[in-house]
Structure formats: structure tokens, C-alpha cells
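Note that the protein sequences, when read in sequence, are chains A and B.
Quick note: the first sequence, position 283, residue 288 per my numbering, numbers continuous.
Quick note: the second sequence, position 263, residue 268 per my numbering, numbers continuous.
Glycine is no exception: its CB is placed at the ideal position from the N, C-alpha and C atoms.
As the structure is a prediction and not an experimental result, all values here were calculated from the model.
2 protein chains.
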Amino acid sequence: MKAPPNGFLANPAEGERKSINSELWHACAGPLVSLPPVGSLVVYFPQGHSEQVAASMQKETDFVPSYPNLPSKLICMLHNVTLHADPETDEVYAQMTLQPVNKYDREALLASDMGLKQSRQPAEFFCKTLTASDTSTHGGFSVPRRAAEKIFPPLDFSMQPPAQELQARDLHENPWTFRHIYRGQPKRHLLTTGWSVFVSNKRLFAGDSVLFIRDEKSQFLLGIRRANRQQPALSSSVISSDSMHIGILAAAAHAAANNSPFTIFYNPRASPSEFVVPLAKYNKAMYTQVSLGMRFRMMFETEECGVRRYMGTITGISDLDPVRWKNSQWRNLQVGWDESTAGERPTRVSIWDIEPVVTPFYICPPPFFRPRFPKQPGMPDNDNDVENAFKRAMPWLGDDFGMKDSPNSIFPVCSCSIWTLSFNGFFESIAQ
Amino acid sequence: MKAPPNGFLANPAEGERKSINSELWHACAGPLVSLPPVGSLVVYFPQGHSEQVAASMQKETDFVPSYPNLPSKLICMLHNVTLHADPETDEVYAQMTLQPVNKYDREALLASDMGLKQSRQPAEFFCKTLTASDTSTHGGFSVPRRAAEKIFPPLDFSMQPPAQELQARDLHENPWTFRHIYRGQPKRHLLTTGWSVFVSNKRLFAGDSVLFIRDEKSQFLLGIRRANRQQPALSSSVISSDSMHIGILAAAAHAAANNSPFTIFYNPRASPSEFVVPLAKYNKAMYTQVSLGMRFRMMFETEECGVRRYMGTITGISDLDPVRWKNSQWRNLQVGWDESTAGERPTRVSIWDIEPVVTPFYICPPPFFRPRFPKQPGMPDNDNDVENAFKRAMPWLGDDFGMKDSPNSIFPVCSCSIWTLSFNGFFESIAQ
DNA sequence: ATGTTGGCTAGAAGCCGACAA
DNA sequence: TTGTCGGCTTCTAGCCAACAT
Numbered sequence: 006m007k008a009p010p011n012g013f014l015a016n017p018a019e020g021e022r023k024s025i026n027s028e029l030w031h032a033c034a035g036p037l038v039s040l041p042p043v044g045s046l047v048v049y050f051p052q053g054h055s056e057q058v059a060a061s062m063q064k065e066t067d068f069v070p071s072y073p074n075l076p077s078k079l080i081c082m083l084h085n086v087t088l089h090a091d092p093e094t095d096e097v098y099a100q101m102t103l104q105p106v107n108k109y110d111r112e113a114l115l116a117s118d119m120g121l122k123q124s125r126q127p128a129e130f131f132c133k134t135l136t137a138s139d140t141s142t143h144g145g146f147s148v149p150r151r152a153a154e155k156i157f158p159p160l161d162f163s164m165q166p167p168a169q170e171l172q173a174r175d176l177h178e179n180p181w182t183f184r185h186i187y188r189g190q191p192k193r194h195l196l197t198t199g200w201s202v203f204v205s206n207k208r209l210f211a212g213d214s215v216l217f218i219r220d221e222k223s224q225f226l227l228g229i230r231r232a233n234r235q236q237p238a239l240s241s242s243v244i245s246s247d248s249m250h251i252g253i254l255a256a257a258a259h260a261a262a263n264n265s266p267f268t269i270f271y272n273p274r275a276s277p278s279e280f281v282v283p284l285a286k287y288n289k290a291m292y293t294q295v296s297l298g299m300r301f302r303m304m305f306e307t308e309e310c311g312v313r314r315y316m317g318t319i320t321g322i323s324d325l326d327p328v329r330w331k332n333s334q335w336r337n338l339q340v341g342w343d344e345s346t347a348g349e350r351p352t353r354v355s356i357w358d359i360e361p362v363v364t365p366f367y368i369c370p371p372p373f374f375r376p377r378f379p380k381q382p383g384m385p386d387n388d389n390d391v392e393n394a395f396k397r398a399m400p401w402l403g404d405d406f407g408m409k410d411s412p413n414s415i416f417p418v419c420s421c422s423i424w425t426l427s428f429n430g431f432f433e434s435i436a437q
Numbered sequence: 006m007k008a009p010p011n012g013f014l015a016n017p018a019e020g021e022r023k024s025i026n027s028e029l030w031h032a033c034a035g036p037l038v039s040l041p042p043v044g045s046l047v048v049y050f051p052q053g054h055s056e057q058v059a060a061s062m063q064k065e066t067d068f069v070p071s072y073p074n075l076p077s078k079l080i081c082m083l084h085n086v087t088l089h090a091d092p093e094t095d096e097v098y099a100q101m102t103l104q105p106v107n108k109y110d111r112e113a114l115l116a117s118d119m120g121l122k123q124s125r126q127p128a129e130f131f132c133k134t135l136t137a138s139d140t141s142t143h144g145g146f147s148v149p150r151r152a153a154e155k156i157f158p159p160l161d162f163s164m165q166p167p168a169q170e171l172q173a174r175d176l177h178e179n180p181w182t183f184r185h186i187y188r189g190q191p192k193r194h195l196l197t198t199g200w201s202v203f204v205s206n207k208r209l210f211a212g213d214s215v216l217f218i219r220d221e222k223s224q225f226l227l228g229i230r231r232a233n234r235q236q237p238a239l240s241s242s243v244i245s246s247d248s249m250h251i252g253i254l255a256a257a258a259h260a261a262a263n264n265s266p267f268t269i270f271y272n273p274r275a276s277p278s279e280f281v282v283p284l285a286k287y288n289k290a291m292y293t294q295v296s297l298g299m300r301f302r303m304m305f306e307t308e309e310c311g312v313r314r315y316m317g318t319i320t321g322i323s324d325l326d327p328v329r330w331k332n333s334q335w336r337n338l339q340v341g342w343d344e345s346t347a348g349e350r351p352t353r354v355s356i357w358d359i360e361p362v363v364t365p366f367y368i369c370p371p372p373f374f375r376p377r378f379p380k381q382p383g384m385p386d387n388d389n390d391v392e393n394a395f396k397r398a399m400p401w402l403g404d405d406f407g408m409k410d411s412p413n414s415i416f417p418v419c420s421c422s423i424w425t426l427s428f429n430g431f432f433e434s435i436a437q
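Structure (C-alpha cells):
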């Protein structure tokens, strides 16, 4: 057997050279994953980043030194986003270049707001979880009728039986060809020749999903989503997980100190740690007044590639890691769920993850004019209140203070560590 | 097809739970790889470590901040060594726990000296590079006659044809069974049934090697060595290579500042970066006076799992990275090779990698009494001379100064950053 | 001594409709 | 509408010695 030119797969570095199809990437990433747009403002949580690394390594870190100069969140400009897919496993991930900022202008804030609306799941899309029959060597793939009719090129039904050759490209642009035939009693769409090669090459098993899309250029593409069961089981072998954690924190701390850009990888399917949050989303969430017993809804991906909301109740508010990440808002809400079915749901979430079921009174009173929030048990009641109030107010300042006509006006915001400085600067800019 | 319980392979975490057979590990690692013994002293080169990461990532790092507090070498106590093998690829690597030390005692130094002698390549060992026929689906594996006679259990030649079932375990203790038969015209040893399963499971290709050993308990084991062509192509997807580099340096710097232990992975086949060097080996190399034009020999692994020496000449002496790692001895020798055949050899090596071809005059004059070395072009001629002279002297101090009877006497040595302090301490300890 | 090839065969892969949920 | 199965066919994996180097 001849060796492939470079490693196990035919073109391992290909995913790196070519740019990845964005629609296919999002289809593989799932309906809940949305990436903030380039040029927008985001909030970066080192704690969440650390959590993703721990999940990827399947190992909690024994010891990570505290980084006293690294705040629990950094407001950053998102300079660059590139989409990637692991050449071995097709796992999707994104590389982002972030630059901590002390001030930002209104355009960037608006751009950040944009990020909230777009849902990137392609319209011409279908996804099927593979059955035992689909993955057995005994036969082919049974195509759901609707899917074949909506996505596949139409068959010539004058043929007996109607059949055609299908070609679709994956995330790495590798083409896969299948024989698509409409036969059986009752009639059905099937993929036969070529299918098993795909299954074994991608190492798919019953429970994994395959998806077909037709992108905006009406190209026919296919991708996979693996069942959560399959962790990539990276035991690294390159650097220790301790050094990884230190590296992440040191890189962020260095960037924060110098306002220099740094690079992170966001791996949406490795762990549910959305540690780069659009600033607008974060700000919007800061309007929410949380309290024990509060009811909320939260979106989850279903087995069948859809989404559904589950109801829950806030049962506690406390720091996830009171030692290293004091007063962080990262997953500081303890929650219970109405349905205790399978498919575990997290016991801790962040405020921007949930959709509160609120009484109208609490939403959107004009900032600075609404009554001060009552103290909340379990919430830090130190001077962070001031900071929170400030941040809650931010997204609306441009409108409320009639700055619509001065789009270039710069007004500063803070990263926590230099709060005092920026806060003073803030009032100066208002006063001018 | 049913999914394996956890990922692609049957027991991905198994290599982590069970301890790896040391002889098999070393057989897979190759004849040039030797690990310093636990409890010995080693010299750790962050620069070399960084190099290994760059090689593993197949990416030079654009930007790594300087770590001014991190010396280019750290003398460390080696506390722990665990052997590992990647569950996916069987790539061998070692995890080491190092603790920077300012002082060390004579026992540790002697232990470090031990490390030099042991060659861990098992005696009952054979290794064959796979041919196209060996890896094709058309047939089995042609066993070299000598190998079968030396390592395999003897066949019953009264049978027609002589045959038996062979069982061997790999690094993860997974058993593999093969039909071993002696047949054909002319007669030969073959592995038939079971062989192709092994080849496809381990994803072996022509050019890769398979090796069989019989360990000290006379267990029959097998392992693989992949051709260098196949890089693991880790594009990480977890953390950026920048953060990795920073993580490595930050972890080492933190450990150096606190004399606290830190953990590294040494991946001998990923790159030829032996960045953890036994102190005795380092000290011994410090005796070598290098000069332009000096002739030397150096060992390399051959295609056929053996070793051979190549002759070369020193063509330059300079820092590999004069900015970040000034006066580091890491690969500061530029070299040319007598044979310019294929199988590239490095253009830069470290002094402890080579065996100088020296005139007797230069070796082992009594330290402190020999004439001062002439200035060397291209070598730093600053106060590092003093340091080098001191370090050259170290391994012999115990004997030369009659300290044989005081095994507990502590005498300090330095890491570069605290040179002055330690150097003073050194004379104090001599004086007492 | 051992790599490659053609011939042969057993068994797996894979196409099909029947049947059932 | 679609998952699984028994029946049947095709093709590849894989055993063998011949032949070549």
C-alpha cells in the first residue's frame, strides 16, 4: 500500500491552506454557534477559555498560578476570524485574533450589535443522524425523502430505476461521489456506491450525523457532526496541560498589559464554553436583574440537529472559582431544570446564556434614571456595582445622549484592572 | 457498525492508565534516545523545548515575548519520568517533572553521571522497514530469517508446513495475534492471518518499521516506528502556537523563580531536540575546546534501525537566536558534513551532541591549572568564560579536592541569572 | 535471503426487495 | 416513510508457490 503523501489523510494541511466554506462550517458547528463579526467588540473570559482547554485535555489542572494582573474579562476588538476544520476528524474550530481595548468608538459597538441578529444556519440544509443500517457494511444510506427532494439534484424519473451520480465536497474541499438511486418497494432514495467509503474514511458510527447543504452559490456540500460521546481524546504529548493553562493566561495578560493582539482558538463542539461574547450581547444581559428563584429559558441543540428551549430556575448566585476568579460573571448562576431527562444540562450558566422570563417592570427602564437595584444575596456588593451600572448603560449612551450625529466621537470603556482611570475618563468625555 | 466505547480506538486512555513497558518504549524511541535517570541532575534548555513545540506544530512562532528572567538553561533535579505512547499513533513520548535547583549534592551529580552509560536498546530485538509487499492487501509479512530464529518462539519443524500462532502485545498492552508459517520455495518465515489487521489498525505504510522484542521477562512484544515523513500534523485546535510558546516559557520562568517543579513532555521522534541533557554529559562537553575547522563525529539513526557516525567540521560558532537567547549554548555550532547524501543532517548542533576528534593535548588538563584558552572567534568573550571554566571544573571537584569522604557536603552551582551570588557561595563552601 | 507477481478461493462487501414499525 | 433483514452477486482480501533479484 502506498503511503499518502503526508500523514494519514490525503491532504492533512489542506484545510489550512484553503479557506473554509463558511456556510458549511456553521452547519457543522450547529445552530447555537454564532461567531461575532470581524471589527466588532467582544468580551473575552480567560476563565472560560481555560475551561475549554481543560475540557479538551479531559484534565483539570492541578495548579495554575494566579495572574493578579489579568482581569476576569477583557473587552477586545475582534480583528480576525478564520474558520478551520481538523484534518483528521473534521472537527470545526475558529481562530480569532483579539486586541484588548480601553476605548472604542460607536461604529465598533454597532458592529458588535449586528452580531446578535445573524443566524448562520443555511436554509438549504438537512441533517440526519446515522442509523445502524446506515453505517453497517451491509448496505447504503437511506436518504430522508424531504431531504432528497429539497437538496439533491432532481432525478430523471423516466429512467428505470431513476439514478444519478452525486458529488459533494467536504470542509477540506475533498470531493465524495455517491450513487443516488430511487428504488425499492415502497420507493425510496438511497445512496449506495461510494457511501461506505465515506463512512469508513470519516470514521462515522451510528449516532453521528451527516449533513448536506446547498450554499449560496448553490454548491452541493456535505459535512459531519459527531455524537458528543466521541471526545477527541487529545492527550497532547506536546505540552503539559499546566503549561497550556499558563500559556493562555500569560498570553492574555501580556496582551492586556500592552493592548497588543493575541490569538485564541474557539472550539464550539469540544465544550459549551462560549468564552468570546459579543459586547452587545453581554451589555444586553447586564440589564437583567437576576435573583434567586428567577425563571428562565435556555436554548439547546437537540439530537436531531434542531434547537429547543428548556425551562429552568436560578437556584444560586456565586463565583465559580472564588479564589482565582473573584467577581467573575463567568457561569456564576447555579440553576435547576424543569425536566430531568437525559442529555445533561449544565448546573451553572452565565447570565448571557439565558433568556429570563421577566416581569415587564424590570426590562429597559432608562439607564441612570431607573431606581437603583436592591442588593442581591450572593452577589458581590462592592464597587463592582458601579462598574456594572456603567456597563449596563453603555449600549444606549449613543442614543440617549443624542450622539447620533457624531459617529466619530470616542468614548472610553474600561477593562476592570484600570477601572478608576477609565471611569474618570468617561465623565470627562461626557462633559466635553 | 457499533461505535467503540470512547472514540476511534478501543482503549484510548489505556496507555495512560497502565505503565508502559520501558524496554519496548526505548526500542520504539530508537537507539539514540536515552532518558536521564530519576533523581539525577539535568540541564533544561527552554530554547530547545520551544524548538520542539515549533516542530510539532510545524509552525515557527511569529512573536514570543522575551522572558528576561528566564535563563537560557536551568539546572534541574529530575523528579519523575513517565513513559507514554499516543493512543492514536503509538508515538512515544515522556513526561518529566523538573525542579530548578541552586545547589545540589554529590550523590545527585553521580546519579547524573550514571545516566550516560546506560544504553537501553534491548538485546533481544529486531526491526524491519516494511516493504510494499508487506503493507499491500495482497499478502502477509515476510519475516527476516535471523529475526524469526532469534526472537520468535521456535517452530515445530515436524509439522508440514511448520506453523504456529504468535501473540505479541503493543505499547498499550493490546494483544495482536498472527499466524506464523514457514513455507514457500525457497522456504521462508511469514506472518499471514492477522497481519493485515495490524497494518490497517496501526495505519502502517511502506517505509514505516515494525519491531519485535523479547523483554527481560522474555515477554514477546511488538512496536512500530513511523518514517519521518509522517508528521502527526497536529494543528492543535486547542491553543495557538504562540500561547504554547508563551506557556512553556512562563511555566519555566515561574518554576525558576520559585524553585518549584514543572512538567514537560519530551517527544524524541517529533524533532531532534534533546532539550533535557544530563548534567554530567553537559559538564563533560564543557571540557571540549571548540574552534573553527574542528573535526568531529556524530551519531545518527540509519534507515534500518541502526546507528552510524558521520564526520563533520565546525564551520561557525554563533548564537542561534542572538536576540532572545544570547550566549545560549543551544545549537551554537554551525557545521558542515563530509557526505552530502540524502537524509538531511542538521546545520547546527550543540557541543554535547558531538564527539570531537581532538589532539590529546586538549583533553583533560587538570582544571584551574591548565593554560587559559585562547580567545575564539565567534565565541562570546565576556565573563561567560569564567562561568564556563567553573562549569568545566564541576564534575571533578569531588575527586580533585578530596571530598570523597564527605558525601553529604553541599556545594552550590548556578543557574546563569544568579551567577554572581552562587559563584560567591561556591568559594565560601570551598573555604570552609 | 527475500521482494514481487499471477493464480486461486473463501468470505466480506454490497445491491436488491420483502417486511415491519 | 424508513429501519432491518434474508437472499443473492460481486469483488477484494488473502493464501500459495513461481520467479526474480
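Using a C-beta cutoff of 9 angstroms, does D324(B) count as contacting chain A? False, the Cβ-Cβ gap to chain A never drops below 9 angstroms.
Answer yes if the region 87-94 of chain A comes into contact with the region 133-149 of chain A, meaning at least three C-beta pairs across the two stretches below 8 angstroms, and no otherwise. Counting Cβ pairs under 8 angstroms, fewer than three are found: no touch.
Whose CA, out of P166(B), T198(B) and K207(B), lies closest to the CA of P191(B)? Distance from the Cα of P191(B) is smallest, within the candidate group P166(B), T198(B) and K207(B), for P166(B).
Are the C-beta of N272(A) and some C-beta of chain B separated by less than 9 angstroms? Yes, N272(A) counts as interfacial toward chain B.
Mind checking whether H177(B) and F157(B) have CB atoms under 9 angstroms apart? The Cβ atoms of H177(B) and F157(B) lie no closer than 9 angstroms to each other.
For F301(A), collect the residues of the same chain with a Cβ closer than 8 angstroms to its Cβ; drop the 5 residues on either side in sequence, then sort them by chain order. Taken in chain order, the residues that qualify are M316, G317, T318, I319, V340, I359, E360, P361 and V362.
So, helix, strand or coil for E306(A), using DSSP? Note: E306(A) maps to strand in three-state DSSP.
With DSSP as the reference, identify every bridge partner of W342(B), one or two as the case may be. The partner list for W342(B) (beta bridge, DSSP) reads G317(B).
Could you work out which residue in C310(B), L297(B), Y49(B) and V106(B) is closest to N233(B) when comparing CA atoms only? If we check each option's Cα against that of N233(B), C310(B) comes out closest.
For F13(B), would you say it is in contact with chain A, using Cβ-to-Cβ distances shorter than 9 angstroms as the test? Low confidence applies here, because F13(B) scores a pLDDT of 39, under 50, leaving its location unreliable; read the following figure in that light. Yes, contact with chain A.
Terminal residues of the beta strand (DSSP E) in which M299(A) lies: Neither: M299(A) is in no beta strand (DSSP E) and is coded neither H nor E.
Limits of the unbroken beta strand (DSSP E) element including W181(A): For W181(A), the enclosing beta strand (DSSP E) covers residues P180 to R188.
Output yes if chain B places a C-beta closer than 9 angstroms to the C-beta of Q100(A); else output no. At least one chain B Cβ lies under 9 angstroms of Q100(A).
Could you say if the region 199-219 of chain B and the region 213-220 of chain A meet the contact criterion of at least three C-beta pairs nearer than 8 angstroms? As far as the Cβ criterion goes, the region 199-219 of chain B does not touch the region 213-220 of chain A, which means the pair count is below three.
Taking A257(A) as the reference, give the member of D326(A), F280(A), S245(A) and P273(A) with the closest Cα. Taking only the C-alpha atoms, the option nearest A257(A) is F280(A).
Pick from P41(B), E154(B), P51(B) and D175(B): whose alpha carbon is nearest that of L227(B)? If you compare the alpha carbons of P41(B), E154(B), P51(B) and D175(B) with that of L227(B), the shortest gap goes to D175(B).
Under a CB-based cut-off of 9 angstroms, is D161(A) close to chain B? Residue-level contact check: D161(A) does not touch chain B, since none of the beta carbons of chain B fall below 9 angstroms from its beta carbon.
Just to confirm the assignment, what range does the beta strand (DSSP E) spanning F130(A) have? In the DSSP assignment, F130(A) falls within the unbroken beta strand (DSSP E) covering F130 to T134.
Quick check: the Cα distance between L196(B) and E221(B), rounded to an integer number of angstroms? Near 24 angstroms, if we compare the C-alpha coordinates of E221(B) and L196(B).
Is the shortest distance between the beta-carbon of M82(A) and the beta-carbons of chain B less than 9 angstroms? Among the CB atoms of chain B, none fall inside 9 angstroms of the CB of M82(A).
If we call anything under 9 angstroms between Cβ atoms a contact, is V58(A) one with V58(B)? No, the pair does not count as a contact, with Cβ atoms beyond the cut-off.
Tell me the rounded alpha-carbon separation between N272(A) and P149(A). When rounded, the distance between both Cα atoms is 30 angstroms.
Name, please, each residue of chain A whose Cβ falls closer than 7 angstroms to the Cβ of S27(B). Residues of chain A whose Cβ lies closer than 7 angstroms to the Cβ of S27(B) do not exist, since the nearest Cβ in that chain is about 18 angstroms away.
For Q52(A), does the count of other Cβ atoms within 10 angstroms reach 16, so buried, or fall short, so exposed? Around the C-beta of Q52(A), 16 or more other C-beta atoms lie within 10 Å, and the residue is accordingly described as buried.
What's the gap between the Cα of M249(A) and the Cα of S241(B)? Taking the straight line from one Cα to the other gives about 12 angstroms.
So the beta strand (DSSP E) I218(B) belongs to, where does it begin and stop? Segment S214 to R219, the beta strand (DSSP E) holding I218(B).
Within a Cβ cutoff of 8 angstroms, which residues of the same chain sit near A211(B), ignoring the five residues on either side of it in sequence? If we look at A211(B) and ignore the five residues flanking it on each side, its Cβ neighbours are L135, T136, A137, D139 and T140.
Interface flag, P279(A) vs chain B, CB-CB below 9 angstroms: According to the sequence shown, residue 279(A) is Glu rather than Pro. It does not: the Cβ of E279(A) has no partner Cβ on chain B nearer than 9 angstroms.
Buried or exposed, going by whether 16 or more other CB atoms sit within 10 Å of the CB of D343(A)? Taking all protein chains in view, the Cβ of D343(A) is surrounded by fewer than 16 other Cβ atoms within 10 Å, so the residue is classified as exposed.
C-alpha distance - V106(A) paired with N74(A), whole-angstrom precision: Using only the alpha carbons, I get a separation of about 15 angstroms.
Suppose you measure from the CA of P351(B) to the CA of K286(B); what does that come to, to the nearest Å? Cα-Cα distance, rounded: 20 angstroms.
Listed by chain order, chain A residues near A256(B) by CB distance under 7 angstroms: The contacting residues are D247, S248 and I251.
Alpha carbon of L284(A) to alpha carbon of A262(A), nearest angstrom: Cα-Cα distance, rounded: 20 angstroms.
Interface flag, E96(B) vs chain A, CB-CB below 9 angstroms: So, interface residue.
Compare the Cα-Cα distances from F3(B) to each of L46(A), V69(A), P36(A) and E28(A) and report the closest residue. Here chain B comprises residues numbered 6 to 437, so residue 3(B) is not present and cannot be evaluated.
Chain B within 9 angstroms of V391(A), Cβ atoms only: Reliability fails at V391(A), whose pLDDT of 36 lies under 50, so the model's placement of it is uncertain and the value that follows must be treated cautiously. No, V391(A) lies away from the interface with chain B (no Cβ there is under 9 angstroms from its Cβ).
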